[in-house]
Structure formats: C-alpha cells, structure tokens
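A.B. asks: Please read through the structure below; I'll follow up with questions.
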C-alpha cells in the first residue's frame, strides 16, 4: 500500500488551498489519536484522514466528491478500508456505504469538529490552539453565525455514532491538533515551550 509520504504528495498535488490542506492534516492528527486510543492501525487511520477531502477542491459537487477520489485511490493501490471510509463520510453515499465500521465512524466524527476547533482557536487573542478549553468550543458551537460553514448536526451525530461523549471528543481532538499546532497555523504568537509540551503529550497518548 502507498505510504504516508505518497498520500501527502497526492494530497498536495490535488489540493492547493492552504486552509483545506490544514483541515486534512488536522483530521489526520485526530484519526491518529483515535487509532491509538482504540488500538487500530495508526498509519491506515492517519492516511484516511489525510486524504478524505483530496478531491474536494477540484470536485466540490457532493455528487462527485469522494467518488472521484475513490477512483484515484483504487488506481494507486490504496486499502479498500480507506476508500470505504472516505466514501462513507459523504452522506450522499449512505445507502451504498453506511458507516458501520469504526474507521468510518471515526472519520465522520473527526471531520466537522476540526473546523470548529480551528475557528475557535483563531478568534483567541493569541490565535493559538494551545490551552484551548472545551467550554470555549462548546460556547462557539452555540453561537449563530460563527463558523457558519461548520455543520453542528454533523458534529453531534459524529460523536454519537462513535459512541463518545461530545465534550470528551472535543478534548481529544484539541489534544491531537495541539500536537501539530505549528503545521496547522495554530501555534499562536509564542509557540515554543507549550507547543513542545503539547506535541510530546499528543505523542504519548
């Protein structure tokens, strides 16, 4: 199967928008966290997160999104579990690819929440995810008009499907994203000591 480096090259070949790249890196980090938590294949789960929106910039129509990508991934020899989970995270594929497996549930749960966490971090005075509280994310989640592109219902549904308390889920994803804060542009104005500690904490989870 292609490696993480191969997956990253594929992602950057098709995704030029920096914010979308960072979104996919954030989901990768969250997926790696949950792979460790559940004792699953961290590389496979991470690659699933890294590639999940790889066709979105070129094929934003939801009728095509993920289906085009599935073709690319099959041609490149990616694991069918990755392809299934990516197809399953698009609700238009619910009949053919229901989220019945843990990988698919985790990807769906990690997708929208990373966007809300990113937006919440960026409105902090230091524009950093480091030290971000779950309560701040929940407050912004209830604020109409804030990060309007983030589907709140999907966030709630995702945590429920994964079988995890929403506050715990938010905390987990904050931890995961904090470990790569600099790559996500979320290390803030004075990243050094806290960023190093957060990265170490994320790796030891």
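In the UniProt record's numbering, the protein residues as written are 1 to 205.
By construction, the Cβ of each residue, glycine as well, lies at the ideal position given by its N, Cα and C atoms.
Express the C-alpha separation of residue 1 and residue 145 in angstroms, rounding to a whole number.
C.D. replies: Spanning the two alpha carbons is a distance of roughly 42 Å.
A.B. asks: Decide if the stretch 12-19 is in contact with the stretch 90-103; the criterion is three or more beta carbon pairs, one per stretch, under 8 Å apart.
C.D. replies: As far as the Cβ criterion goes, the stretch 12-19 does not touch the stretch 90-103, which means the pair count is below three.
A.B. asks: In three-state terms, what does DSSP make of residue 187?
C.D. replies: Three-state result, residue 187: strand.
A.B. asks: Just the C-alpha distance for residue 129 and residue 47, rounded to the nearest angstrom, thanks.
C.D. replies: Rounded to the nearest angstrom, the two C-alpha atoms are 23 Å apart.
A.B. asks: For residue 96, which residues of its own chain have a beta-carbon under 8 Å away from its beta-carbon, when the five flanking residues on both sides are left out?
C.D. replies: Cβ neighbours of residue 96 beyond the five flanking positions: 87.
A.B. asks: Measuring straight from C-alpha to C-alpha, what distance separates residue 25 and residue 186?
C.D. replies: Approximately 12 Å between the Cα atoms of the pair.
A.B. asks: Between the beta-carbon of residue 167 and the beta-carbon of residue 134, is there less than 9 Å?
C.D. replies: Cβ distance < 9 Å, so residue 167 and residue 134 count as in contact.
A.B. asks: Report the rounded CA-to-CA distance for residue 56 versus residue 150, giving the unit in angstroms.
C.D. replies: Going by the C-alpha atoms only, they are around 16 Å apart.
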